[in-house]
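The sequence shown finishes on residue 475 if you use the working numbering, and the numbering steps up by one all the way, no holes.
Virtual Cβ for every residue (Gly too), placed ideally from N, Cα, C.
Keep in mind that this is a model prediction, so the values were computed, not measured.
All remarks here apply to the structure that follows.
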Amino acid sequence: MWFNMYGATPGSMEGARTRSDGLAKNPRTGYQAMFRSGSHQSGTRAWLKPTLMTDTLVRKEGAGQALGIGFLADVHCPTGAPRESIVKLTKAEEGGLDGKGLWRPAELGYRPRYEHDEQKRYMAGEFVSTKKKG
Numbered sequence: 342m343w344f345n346m347y348g349a350t351p352g353s354m355e356g357a358r359t360r361s362d363g364l365a366k367n368p369r370t371g372y373q374a375m376f377r378s379g380s381h382q383s384g385t386r387a388w389l390k391p392t393l394m395t396d397t398l399v400r401k402e403g404a405g406q407a408l409g410i411g412f413l414a415d416v417h418c419p420t421g422a423p424r425e426s427i428v429k430l431t432k433a434e435e436g437g438l439d440g441k442g443l444w445r446p447a448e449l450g451y452r453p454r455y456e457h458d459e460q461k462r463y464m465a466g467e468f469v470s471t472k473k474k475g
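Rendered as structure tokens:
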């Protein structure tokens, strides 16, 4: 999930409860949240991980995919947001304007399964070229 989503406010939550279409839109300001409540951080929480607070547990390094053993501050200490969360997302309605059509990032070709040709070229590494030494 991207980290620039428009989080819910008390006004947008009021709109979600009172509007017939369920949009999280503040009735006074017109601010529309992308979430009916909460934000992208709703899938995370500050937590203590007692099973990770050992010196012998196998764990991933702080960066990359390497495995290590023992204490690592980012793994063993209380954290504000876990690096990996499992969140269930349920589609509420179509994503286009007035609930019709595609969500704009999908329409523009920037979301998985809707990639435009230039995005496909980028993912195939065609924007990078190398020179051979010699």
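- In the DSSP assignment, G356 falls within the alpha helix (DSSP H) that extends over 351 to 359.
- In the three-state scheme derived from DSSP, where H, G and I count as helix and E and B as strand, Q373 is classed as strand.
- Judged by DSSP in its simplified three-state form, K461 adopts helix.
- G442 counts as exposed, since fewer than 16 other C-beta atoms from the protein chains shown sit within 10 angstroms of its C-beta.
- Note: R400 is bridge-paired with G409 in the DSSP secondary-structure output.
- Apart from the 5 residues on each side of it in sequence, L413 sits with its Cβ closer than 8 Å to the Cβ of R400, E402, G403 in its chain, given in chain order.
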